[in-house]
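Start counting the sequence shown at 1; every next residue gets the next number (full-length UniProt numbering).
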Amino acid sequence: MMTLPQFSLGALVLFPLLMAALTVLLPVGKRRIAGIVTAVGVVLLTLPVVATVAGGDLLELSLGGYDAPLGITLRADGLSVLFLLLTTVVGGLVSVYAALVPASTGQRLVAVDSAGETLEWRSGHPGYWPLWLGCWAGLNTVFVSGDLFNTYVGLELVALTAVGLVALGGSDAWRAALRYLFIAVLGAMLFLVGVGLLVAATGTLDIQQAARVIEQEPGTHPPVVLALVLITVGLVMKVALVPMHGWLIPAHSGAPGAVSPLLSALVIKASFFVLLRCWLWVAGPGMIPALVDGPQLADETWLTVLSGLGWLLGGLGLVAIVLGSILALRQPRLKPLVAYSTVAQAGYWFLFFPILLDPGSEQTVTTLADGAVIGGATTGTIGLLLGHGVAKASLFLVAGHLKINYGTDELARLRGAGQRDPMLIMAMGLAVVGLAGLPFSLAFSGKWELATAAVAAEHFWIVLTVVVATLLSAAYLFKALAPLLVAETEEGDMIQPGGLPREKVSFAAQVVPFTLGTLTILTGFMGFWVSDMLEVGAPW
Numbered sequence: 001m002m003t004l005p006q007f008s009l010g011a012l013v014l015f016p017l018l019m020a021a022l023t024v025l026l027p028v029g030k031r032r033i034a035g036i037v038t039a040v041g042v043v044l045l046t047l048p049v050v051a052t053v054a055g056g057d058l059l060e061l062s063l064g065g066y067d068a069p070l071g072i073t074l075r076a077d078g079l080s081v082l083f084l085l086l087t088t089v090v091g092g093l094v095s096v097y098a099a100l101v102p103a104s105t106g107q108r109l110v111a112v113d114s115a116g117e118t119l120e121w122r123s124g125h126p127g128y129w130p131l132w133l134g135c136w137a138g139l140n141t142v143f144v145s146g147d148l149f150n151t152y153v154g155l156e157l158v159a160l161t162a163v164g165l166v167a168l169g170g171s172d173a174w175r176a177a178l179r180y181l182f183i184a185v186l187g188a189m190l191f192l193v194g195v196g197l198l199v200a201a202t203g204t205l206d207i208q209q210a211a212r213v214i215e216q217e218p219g220t221h222p223p224v225v226l227a228l229v230l231i232t233v234g235l236v237m238k239v240a241l242v243p244m245h246g247w248l249i250p251a252h253s254g255a256p257g258a259v260s261p262l263l264s265a266l267v268i269k270a271s272f273f274v275l276l277r278c279w280l281w282v283a284g285p286g287m288i289p290a291l292v293d294g295p296q297l298a299d300e301t302w303l304t305v306l307s308g309l310g311w312l313l314g315g316l317g318l319v320a321i322v323l324g325s326i327l328a329l330r331q332p333r334l335k336p337l338v339a340y341s342t343v344a345q346a347g348y349w350f351l352f353f354p355i356l357l358d359p360g361s362e363q364t365v366t367t368l369a370d371g372a373v374i375g376g377a378t379t380g381t382i383g384l385l386l387g388h389g390v391a392k393a394s395l396f397l398v399a400g401h402l403k404i405n406y407g408t409d410e411l412a413r414l415r416g417a418g419q420r421d422p423m424l425i426m427a428m429g430l431a432v433v434g435l436a437g438l439p440f441s442l443a444f445s446g447k448w449e450l451a452t453a454a455v456a457a458e459h460f461w462i463v464l465t466v467v468v469a470t471l472l473s474a475a476y477l478f479k480a481l482a483p484l485l486v487a488e489t490e491e492g493d494m495i496q497p498g499g500l501p502r503e504k505v506s507f508a509a510q511v512v513p514f515t516l517g518t519l520t521i522l523t524g525f526m527g528f529w530v531s532d533m534l535e536v537g538a539p540w
């Protein structure tokens, strides 16, 4: 008989998908209610899944009663639950914000003349709720899918709905949405070809079964390495790692106020989640020395290829941190600055791969095989991901809210905004602490774990990178915050409030980014819990 946690696992995929279809049929005024109902429902469905996995048990559901490889299996382990929690918290709160501030959902064209020239745009887009709820269903599918093909389906649902969400920003965002679509399609093609090679080599789409075949049959390693390279390139494009980051800036900065937080906090995380799943859970137990259970390691030739790829990813991560930070410092507008900070912050996540693939000494290999350093590096990376997600959602909500309130996001024209919207600027300050990775934030504990693992694996350059990156982050984030805290000049540099009447976007809407900013600090005390959760179903 199906248990409540198993029912919840399946419903996390099906419920938001059905609600997305329902909102298409509902009158525009009722769609916000459906969105809030969905958010509450997903929260309630997530709780039994989290409780089961937190108790140390893997959760599985075979759809239709058929086990893999004939059937489709949904699985939730520690990694899945952490990303489900991030999506539930951020997605739920952003849904509340979008319901409170309809202007943040986009712009719709309401009139054109006979020559096709635009006559009137109106704030608020009815397409937001079907697209966002469909994206939510895709995210949950990615996080709980037990096979690679349904992972691909979830990624595509996320990508296509995200492109549609970007396009809601109006005519200025259409070009950015089209560029995003091209990248999403190309990345998906590479990922799908890689999955095809994995299936040809292992004979199964199921993640656990594929890992066992790779572990037991060394002859599968050559095609698996090629598949892993293709999968990595495709997913790295979706994550927007330098030099494939050009699409992200216009997409994230040009998207509506209730869309940018979802793109930065959740959408790009889905691709990195799949990247970790393929490297650690699929190929890891049979090909990566740190994860091999026993003295037999992968063939040295293919191990060299993987090591080179790991170093390349780490090097690109370093470049992303420096380049993204410098470009963020040069931005005169708030939303592009926050978007470039996403490029920089994403670089942190790829510092994990040199630790995984190049331990540095024979003594360290033994330590890695025991799982201590790999577990620490993974915990640190996931801590950075989760901390970034919560803080970036808060920061983008603040940026979008200021743009709605004052009609601009130019930093020079937002002087003194803190005097008029103190809660909003306080939320931004809390988010800045989290993104910079200062003490008491989850990102700080993530950096600590990553740096500790880097020292154990003799990658001291990663420690230096983390220190320099923290200083750069503090520089561009405080550059964004400082003008909002100073008094308005006598010349009246600050633009007067415009857009929505201020009484309609005052206290209730500001509570949402403030709550996310507060969570940025409160989750800093959850580092050990994140580590314990990752141990459930971990390959190390």
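Backbone N, C-alpha and C fix where the C-beta goes; we use that ideal spot for every residue, glycine too.
### Backbone secondary structure at S123 - three-state DSSP
What you label residue 123 is simply residue 123 of the sequence shown in a count that begins at 1. Strand, per DSSP.
### Message
I believe residue 609 touches V259 by the beta-carbon criterion, under 8 Å. Please report the beta-carbon distance rounded to the nearest angstrom.
### Response
Absent from the structure is residue 609, since the part of the chain shown begins at 1 and ends at 540.
### Message
Here's the rule I'm using: 16 or more other beta-carbon atoms within 10 Å means buried, otherwise exposed. How should P332 be labelled?
### Response
Residue mapping note: residue 332 aligns to position 332 of the sequence shown, counting from 1. The residue is exposed, with fewer than 16 neighbouring Cβ atoms inside 10 Å.
### Residues near E491 in its chain [Cβ-Cβ closer than 7 Å; skip 5 each side]
For the purposes of this step, residue 491 is identified with residue 491 of the sequence shown, where counting begins at 1. In this prediction, E491 has a pLDDT of 48, which is less than 50 and means its spatial position is unreliable; what the coordinates show is noted afterwards. Closer than 7 Å at Cβ, skipping near neighbours: no residue.
### Message
So residue 542 and G389 are supposed to be a Cβ contact under 8 Å. How far apart are they, rounded?
### Response
Summary: the structure shown does not reach residue 542, with the chain confined to residues 1 through 540, and so no result is reported for it.
### Message
Taking 8 Å as the limit between beta carbons, can you name the residues of its chain near L17, skipping five residues before and five after?
### Response
Indexing the sequence shown from 1 puts residue 17 at position 17. Non-local C-beta neighbours of L17 in its own chain, meaning closer than 8 Å and more than five positions away in sequence, comprise L133, G134, A137, ordered along the chain.
### Query
Between which two residues does the alpha helix (DSSP H) harbouring A454 extend?
For the purposes of this step, residue 454 is taken as residue 454 along the sequence shown, with counting starting at 1. 442-456 is the span of the alpha helix (DSSP H), which, as asked, contains A454.
### Message
Using the Cβ count rule (16 or more neighbours within 10 Å means buried), how would you classify Y66?
### Response
To locate residue 66, count along the sequence shown from 1; it is residue 66. Classification of Y66: exposed, given that the 10 Å Cβ count is below 16.
### Message
DSSP three-state label for A240, please.
### Response
For the purposes of this step, residue 240 is taken as residue 240 along the sequence shown, with counting starting at 1. The DSSP-derived three-state label of A240 is coil.
### Query
What span of residues does the beta strand (DSSP E) with T3 cover, start to end?
To locate residue 3, count along the sequence shown from 1; it is residue 3. Looking at the DSSP string, T3 is not in any beta strand (DSSP E), and its letter there is neither H nor E.
### Query
Quick one: is the Cβ of P285 within less than 7 Å of any heavy atom of the ligand PLP?
With respect to the ligand PLP, the structure offers nothing, as it holds no ligand at all.
### Query
Of the choices G78, L59, V37, G29, whose alpha-carbon is the least far from that of S531?
Numbered from 1 along the sequence shown, position 531 holds the residue referred to as residue 531. Looking at the Cα atoms, G78 is the closest of the given residues.
### Task
Classify K447 as buried or exposed, calling it buried when 16 or more other Cβ atoms lie within 10 Å of its own Cβ.
The sequence position of residue 447 within the sequence shown is 447, counting from 1. By the 16-neighbour rule on beta-carbons within 10 angstroms, K447 is buried.
### Query
Looking only at C-alpha atoms, which of A412, L402, L198, P256 sits nearest to D421?
Looking up residue 421 in the sequence shown gives position 421. The option with the nearest alpha carbon to D421 is L402.
### Query
What do you reckon, are the CB atoms on V463 and A475 nearer than 8 Å?
Here residue 463 refers to the residue found at position 463 when the sequence shown is read from its first residue. Here residue 475 refers to the residue found at position 475 when the sequence shown is read from its first residue. Contact check for V463 against A475 fails: the beta carbons are separated by 8 Å or more.
### Beta bridge counterpart(s) of T73 as assigned by DSSP
Reading the sequence shown from its first residue, position 73 is the one you call residue 73. Per DSSP, S62.
### Query
Using a Cβ-Cβ cut-off of 6 Å (strictly less than) and excluding sequence neighbours within five positions of H245, which residues of its own chain qualify?
Counted from its first residue, the sequence shown places residue 245 at position 245. Cβ within range, chain order: V343.
#### Entry: Endpoints, alpha helix (DSSP H) assigned at D532
Here residue 532 refers to the residue found at position 532 of the sequence shown. Residues 527-534.
### Message
Would L241 and A76 be called neighbours here (beta carbons separated by less than 8 Å)?
### Response
Against the sequence shown, residue 241 aligns to sequence position 241. Against the sequence shown, residue 76 aligns to sequence position 76. Their beta carbons are not under 8 Å apart, which means L241 does not touch A76 by this criterion.
### Message
Please report the straight-line C-alpha distance between S145 and F7, rounded to a whole angstrom.
### Response
Numbered from 1 along the sequence shown, position 145 holds the residue referred to as residue 145. Numbered from 1 along the sequence shown, position 7 holds the residue referred to as residue 7. So the two alpha carbons sit approximately 15 Å from each other.
### Query
DSSP three-state call for D172: helix, strand or coil?
As a first step, residue 172 must be located in the sequence shown, where it is residue number 172. Correct three-state label for D172: helix.
### Task
Could you check if Y82 is buried or exposed, using at least 16 other CB atoms within 10 Å of its CB as the buried criterion?
As a working mapping, residue 82 is identified with position 82 in the sequence shown. Correcting the residue type first, residue 82 is Leu in the shown sequence and not Tyr. Looking at its Cβ environment, which holds 16 or more other Cβ atoms inside 10 Å, L82 is buried.
### Query
How big is the Cα-Cα spacing for W311 and G284?
On the sequence shown, position 311 is the one that residue 311 refers to. On the sequence shown, position 284 is the one that residue 284 refers to. Straight-line Cα distance between these residues: approximately 16 Å.
### Message
For D172, tell me which candidate among S445, H252, G29, L186 has the shortest Cα-Cα distance.
### Response
For the purposes of this step, residue 172 is taken as residue 172 along the sequence shown, with counting starting at 1. Nearest option by C-alpha distance: H252.
### Query
Using CA coordinates, which residue listed in A399, V466, L516 is at the minimum distance from S104?
Within the sequence shown, numbered from 1, the residue matching residue 104 stands at position 104. Closest by alpha carbon: A399.
### Task
Could you pull out every residue in the same chain whose Cβ sits closer than 6 Å to the Cβ of L395, ignoring the five residues on either side in sequence?
As a first step, residue 395 is located in the sequence shown; it is residue number 395 there, counting from the start. Closer than 6 Å at the Cβ level, and outside the excluded window around L395, lie V338, A431.
#### Entry: Spatially closest choice to V185 from W174, V199, R212, V153, by CA coordinates
Counting from one through the sequence shown, the residue named residue 185 turns up at place 185. Ranking the options by Cα distance to V185, first place goes to V153.
### Task
Name the one or two DSSP bridge partners that D147 has.
On the sequence shown, position 147 is the one that residue 147 refers to. Its beta-bridge partners are D206.
### Task
For G528, I'd like the list of residues in its chain whose CB is within less than 7 Å of its CB, leaving aside the five on either flank, ordered along the chain.
Against the sequence shown, residue 528 aligns to sequence position 528. Strictly speaking, residue 528 in this sequence is Phe, with Gly absent from that position. Once the five neighbours on either side are set aside, F528 has no close Cβ partner at all.
### Task
Could you pull the start and end residues of the alpha helix (DSSP H) that Q419 belongs to?
Start at 1 with the first residue of the sequence shown, and residue 419 comes out as number 419. Q419 -> alpha helix (DSSP H) spans 417-420.
### Task
For R108, name the three-state secondary structure that DSSP assigns.
Taking the sequence shown and counting its residues from 1, one reaches residue 108 at position 108. In this structure, R108 counts as strand in the three-state DSSP scheme.
### Message
Can you tell me whether E300 is buried or exposed? The criterion is at least 16 other CB atoms within 10 Å of its CB, across all chains shown.
### Response
Numbered from 1 along the sequence shown, position 300 holds the residue referred to as residue 300. Exposed is the call here.
### Query
Do the CB positions of L12 and V37 come within less than 8 Å of each other?
For the purposes of this step, residue 12 is taken as the residue at position 12 of the sequence shown. For the purposes of this step, residue 37 is taken as the residue at position 37 of the sequence shown. No, these two residues do not count as a Cβ contact at 8 Å.
### Task
Pull up the distance between the alpha-carbon of F272 and that of A34, whole angstroms please.
Position 272 of the sequence shown, counted from the start, is the residue given in the question as residue 272. Position 34 of the sequence shown, counted from the start, is the residue given in the question as residue 34. Cα to Cα, the separation comes out at about 30 Å.
#### Entry: Selection from L522, A167, L181, G194 that minimises the alpha carbon distance to L226
Taking the first residue of the sequence shown as 1, we reach residue 226 at position 226. Minimum Cα distance to L226 is reached at G194.
### Query
Given A159, which residues of its chain have a CB within under 6 Å of its CB, disregarding the five upstream and five downstream residues?
Numbered from its first residue, the sequence shown carries residue 159 at position 159. Apart from the 5 residues on each side of it in sequence, A159 sits with its Cβ closer than 6 Å to the Cβ of A184 in its chain, given in chain order.
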